[in-house]
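Remarks on the structure that follows.
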Amino acid sequence: MNNIIIRQATYEDILTISKIENICFNELEAATYQEFEERFKTFSEWFLVAEYQHQVIGFINGGSTNDDILKDELYHDTSLHIKNGIHQCVFGLDVLPQYRHNGVGGLLLNEYINLAKKHQKQAVILTCKDHLIHYYQSFGFKHLGPSLSTHGNASWNDMILYFR
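Residues in the sequence shown are numbered from 632 upward in steps of one, following the numbering used here.
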């Protein structure tokens with residue numbers, strides 16, 4: 632797929648972002664429209680979207696922390712976002728199913744990593760399911776092991792990409 636544009640999300644993108652989230656994650660795991668709205672108000676600079684033929688087809692977002700792992704509380708409480716935190720979290724990397732396996736997620740993730748470096752973060756952290764460990768390792772993330780996260784009643788793995 633050519634002509635994919637990665638750009639900062641706008642407030643107008645939140646509804647589409649929320650719809651994509653509900654396609655990509657089950658009801659227990661997906662953030663709500665209201666949660667995305669609150670996140671956007673708190674850390675809009677950490678929302679990137681992938682656009683293809685003038686349509687948003689994926690996005691990435693997350694807050695900042697000083698912790699080495701992504702704690703469940705961060706998903707739901709924007710007051711825990713530390714603007715100058717040393718680690719940038721990935722709360723979600725979502726791509727519509729019909730556009731997967733075309734490099735869209737990789738474009739979003741690479742741009743997000745570059746943004747984290749630009750903001751002088753020390754690392755990017757995330758949690759992922761077992762089948763995605765290898766995917767994130769291909770970007771240089773280190774698997775820290777099973778996560779204590781119970782987000783959405785699922786099993787997760789802690790991953791970190793250090794910039795040192």
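Cβ atoms here follow ideal geometry from the backbone N, Cα and C, with glycine treated the same way.
If you're wondering where the values come from, they're calculated on a predicted model, not measured in any experiment.
Compute the Euclidean distance between the alpha carbons of residue i and residue j, then round it to the nearest angstrom.
{"i": "G694", "j": "N634", "result": "28 Å"}
{"i": "Y642", "j": "S649", "result": "12 Å"}
{"i": "K760", "j": "I713", "result": "25 Å"}
{"i": "T647", "j": "D699", "result": "30 Å"}
{"i": "H718", "j": "A661", "result": "22 Å"}
{"i": "L775", "j": "G689", "result": "26 Å"}
{"i": "L739", "j": "C655", "result": "15 Å"}
{"i": "N745", "j": "E676", "result": "13 Å"}
{"i": "D644", "j": "L779", "result": "32 Å"}
{"i": "H765", "j": "H685", "result": "31 Å"}
{"i": "S786", "j": "P777", "result": "8 Å"}
What residues are listed by DSSP as bridge partners for residue i?
{"i": "F690", "result": "V680, D725"}
{"i": "S695", "result": "Q719"}
{"i": "T673", "result": "Its beta-bridge partners do not exist; DSSP assigns none."}
{"i": "L792", "result": "V755"}
If you follow the beta strand (DSSP E) that residue i is in, where does it begin and where does it stop?
{"i": "K773", "result": "773 to 777"}
{"i": "A754", "result": "754 to 759"}
Where does residue i land, buried or exposed, given buried means 16+ other C-beta within 10 angstroms?
{"i": "E652", "result": "buried"}
{"i": "T781", "result": "exposed"}
{"i": "I636", "result": "exposed"}
{"i": "K752", "result": "buried"}
Between which two residues does the alpha helix (DSSP H) holding residue i run?
{"i": "I648", "result": "645 to 655"}
{"i": "I764", "result": "764 to 768"}
Checklist entry - Does the pairing of the segment 707 to 724 with the segment 662 to 676 give three or more beta-carbon distances under 8 Å? => result Contact between the segment 707 to 724 and the segment 662 to 676 is established, with three or more Cβ pairs separated by less than 8 Å.
Checklist entry - Does the pairing of the segment 719 to 738 with the segment 747 to 766 give three or more beta-carbon distances under 8 Å? => result Touching, yes.
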